[in-house]
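Heads up, the thing below is written out as C-alpha cells.
Protein chains: 2
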Amino acid sequence: MQAIQDAYPDDVGHCYGCGRLNPHGHRLKSYWQDGVAVARFTPEPYHTAIPGFVYGGLIASLIDCHATGTAAAAAAVADGVPIGSLRFVTASLTVDYLAPTPLGVELELLGTPVEVKGRKVVAEIVLSAGGSPCARARAVLVRMPETMTPR
Amino acid sequence: MQAIQDAYPDDVGHCYGCGRLNPHGHRLKSYWQDGVAVARFTPEPYHTAIPGFVYGGLIASLIDCHATGTAAAAAAVADGVPIGSLRFVTASLTVDYLAPTPLGVELELLGTPVEVKGRKVVAEIVLSAGGSPCARARAVLVRMPETMTPR
C-alpha cells in the first residue's frame with residue numbers, strides 16, 4: 004500500500020517531517036485504512052527529552068505530519084479524487100501530553116477525521132507506545148493556501 | 004548572560020530541542036530578560052514544509068522548549084532559587100499557525116509567563132520572523148514528575 008505522503012506531488016514532497024524527498028527528515032509514512040490513518044515510527048536514541056523519554060517536540064512533529072496526512076486522505080476520499088492530489092497545512096494544533104513517552108520502542112499514531120468540510124478538516128490523533136496512549140491531539144487543517152506556493 | 008537551558012543540571016541537559024549536551028539537536032537557547040524569555044533561532048535549509056517555508060513541527064518544537072525554559076525561569080524567580088534549579092515539562096501545548104513562516108531568516112521567540120502557581124506554569128509564546136508574528140502558542144508546563152527521573 005502506498006503511504007499518503009508518498010502520493011504527494013514532488014513539489015510538496017520535501018517536508019522535514021514526512022516528505023519522501025527530504026533526506027534529512029523523519030519521512031513519516033501514514034497509511035489510510037478503513038477511514039483512519041495509521042503510522043508507525045521509532046525515534047532515534049538522540050530524540051530525547053529527559054533521558055529515557057521521547058522529546059515532546061518530536062511528538063508534536065509526528066502528530067502534525069500525521070494530521071496533515073489524515074486530512075489529505077479524508078478530504079480526497081470525500082471529494083472522490085485520488086489520495087495525494089490534495090495537500091493540507093496545519094492551522095492549529097493542540098497536544099495533550101498524557102504520560103511520558105518511553106524512548107526505544109515503536110510509536111503508533113492513529114488519525115481520525117472528525118470534521119471534513121470544504122477546505123477544512125479537523126482530525127484527532129492519538130500517539131501510543133506499546134499500546135498505551137502517551138499523547139492525544141486535535142488539529143485543524145486547511146487546504147494549502149496560495150500564499151504557500153512552493154518557492 | 005547564561006541561557007536558561009545552559010543552567011539545567013547535566014542529567015536533564017540532553018533534550019533534543021534545547022539540551023547543551025545533545026550534539027544532534029537544535030540547542031535552542033532562551034534568555035530571561037525583565038520577566039520574559041527571548042530566544043533566536045535560524046532554521047536549516049532542510050527544515051522545510053512546503054519549499055520556502057519552515058516546517059510546522061520545528062515551530063512547535065522550538066515553542067515547546069522555549070515554553071519549558073520560560074516556566075523554569077519564571078518559577079525559579081518566584082521561588083527565589085537559581086534559574087536552572089527547577090525543570091519543567093509540557094503538559095499541554097496549543098499552537099496557532101497565523102501565517103506561513105519564511106525559511107532563511109532568523110526567528111524570534113518571546114515567552115511570557117501568564118500564570119505561575121505551585122508546580123504549574125502557563126506561558127504564552129509568540130514566534131516571529133522579521134518582526135511579523137507567524138505562530139502564537141499557549142503552553143501548560145508542570146514541574147518534572149518523578150516518573151520522568153532520567154534513565
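For the protein sequence lines, the chains are A and B, in the order given.
If you read the first sequence in the numbering used here, its first letter stands for residue 4, the second for the next number, and so on.
If you read the second sequence in the numbering used here, its first letter stands for residue 4, the second for the next number, and so on.
Ideal placement from N, C-alpha and C gives every residue a C-beta, glycine not left out.
Predicted model, so just to flag it, every value in this text is computed and none were measured.
Inter-residue Cα distance where the pair is residue i and residue j
{"i": "residue 160 (chain A)", "j": "residue 57 (chain A)", "result": "A question about residue 160 (chain A) goes unanswered here, because the residues of chain A that appear run from 4 up to 154."}
{"i": "residue 143 (chain B)", "j": "residue 94 (chain B)", "result": "5 Å"}
{"i": "residue 73 (chain B)", "j": "residue 115 (chain B)", "result": "7 Å"}
{"i": "residue 96 (chain B)", "j": "residue 138 (chain B)", "result": "12 Å"}
{"i": "residue 1 (chain B)", "j": "residue 76 (chain B)", "result": "As displayed, chain B neither begins before 4 nor continues past 154, which places residue 1 (chain B) out of reach and without an answer."}
{"i": "residue 83 (chain B)", "j": "residue 9 (chain B)", "result": "19 Å"}
{"i": "residue 135 (chain A)", "j": "residue 107 (chain A)", "result": "14 Å"}
{"i": "residue 133 (chain A)", "j": "residue 105 (chain A)", "result": "9 Å"}
{"i": "residue 62 (chain B)", "j": "residue 126 (chain B)", "result": "16 Å"}
{"i": "residue 80 (chain A)", "j": "residue 122 (chain A)", "result": "13 Å"}
{"i": "residue 109 (chain B)", "j": "residue 32 (chain B)", "result": "13 Å"}
{"i": "residue 6 (chain A)", "j": "residue 17 (chain A)", "result": "15 Å"}
{"i": "residue 113 (chain B)", "j": "residue 37 (chain A)", "result": "42 Å"}
{"i": "residue 147 (chain A)", "j": "residue 26 (chain A)", "result": "23 Å"}
{"i": "residue 69 (chain B)", "j": "residue 53 (chain A)", "result": "15 Å"}
{"i": "residue 71 (chain B)", "j": "residue 145 (chain A)", "result": "29 Å"}
{"i": "residue 90 (chain A)", "j": "residue 39 (chain B)", "result": "37 Å"}
{"i": "residue 99 (chain B)", "j": "residue 22 (chain A)", "result": "22 Å"}
{"i": "residue 118 (chain B)", "j": "residue 24 (chain A)", "result": "42 Å"}
{"i": "residue 85 (chain A)", "j": "residue 149 (chain B)", "result": "48 Å"}
{"i": "residue 48 (chain A)", "j": "residue 101 (chain B)", "result": "33 Å"}
{"i": "residue 152 (chain A)", "j": "residue 11 (chain A)", "result": "14 Å"}
{"i": "residue 140 (chain B)", "j": "residue 128 (chain B)", "result": "5 Å"}
{"i": "residue 20 (chain A)", "j": "residue 111 (chain A)", "result": "15 Å"}
{"i": "residue 15 (chain A)", "j": "residue 88 (chain B)", "result": "44 Å"}
{"i": "residue 67 (chain A)", "j": "residue 78 (chain B)", "result": "30 Å"}
{"i": "residue 120 (chain A)", "j": "residue 41 (chain A)", "result": "22 Å"}
Bounding residues of the beta strand (DSSP E) (the contiguous stretch that carries residue i)
{"i": "residue 137 (chain A)", "result": "135-146"}
{"i": "residue 128 (chain B)", "result": "123-132"}
{"i": "residue 42 (chain B)", "result": "39-44"}
{"i": "residue 71 (chain A)", "result": "Taken as a continuous stretch (DSSP letters only), residue 71 (chain A) belongs to no beta strand (DSSP E), being part of the alpha helix (DSSP H) at 59-82."}
{"i": "residue 94 (chain B)", "result": "91-100"}
{"i": "residue 116 (chain B)", "result": "110-120"}
{"i": "residue 34 (chain B)", "result": "33-36"}
Per-residue burial, residue i [other beta carbons within 10 Å of its own, 16 or more giving buried]
{"i": "residue 29 (chain B)", "result": "buried"}
{"i": "residue 4 (chain A)", "result": "exposed"}
{"i": "residue 43 (chain A)", "result": "exposed"}
{"i": "residue 92 (chain B)", "result": "buried"}
{"i": "residue 60 (chain B)", "result": "buried"}
{"i": "residue 45 (chain A)", "result": "exposed"}
{"i": "residue 103 (chain B)", "result": "buried"}
{"i": "residue 124 (chain B)", "result": "buried"}
{"i": "residue 131 (chain B)", "result": "buried"}
{"i": "residue 13 (chain A)", "result": "exposed"}
{"i": "residue 64 (chain A)", "result": "buried"}
Residues that residue i contacts on chain E, provided the C-beta gap is smaller than 8 Å
{"i": "residue 153 (chain B)", "result": "Although the question refers to chain E, the structure presented lacks it and instead comprises the protein chains A and B."}
### Selection of the segment 44-70 of chain B by Cβ proximity to chain A, strictly under 7 Å
49, 50, 51, 52, 53, 54, 55, 56, 58, 59, 60, 61, 63, 64, 67 and 68
> Name the residues in the segment 121-151 of chain A whose C-beta lies less than 7 Å from a C-beta of chain B; which are they?
Replying inline: 147, 150 and 151
Practice task
Mind checking the segment 67-98 of chain B against chain A and listing, in chain order, the residues whose C-beta falls within less than 9 Å of any C-beta there?
Solution key: 67, 68, 71, 90, 92, 93, 94, 95, 96, 97 and 98
Query - Interface positions of the segment 102-118 of chain A facing chain B (Cβ-Cβ less than 7 Å), listed along the chain - result: 103
Going along the chain, which residues of the segment 31-44 of chain A sit with their C-beta nearer than 7 Å to a C-beta in chain B?
From the segment 31-44 of chain A, no residue has a Cβ closer than 7 Å to chain B.
Q. Any residues in the segment 4-21 of chain B with a beta carbon nearer than 8 Å to a beta carbon of chain A? Which ones, in chain order?
A. 14, 15, 17, 18, 19 and 20
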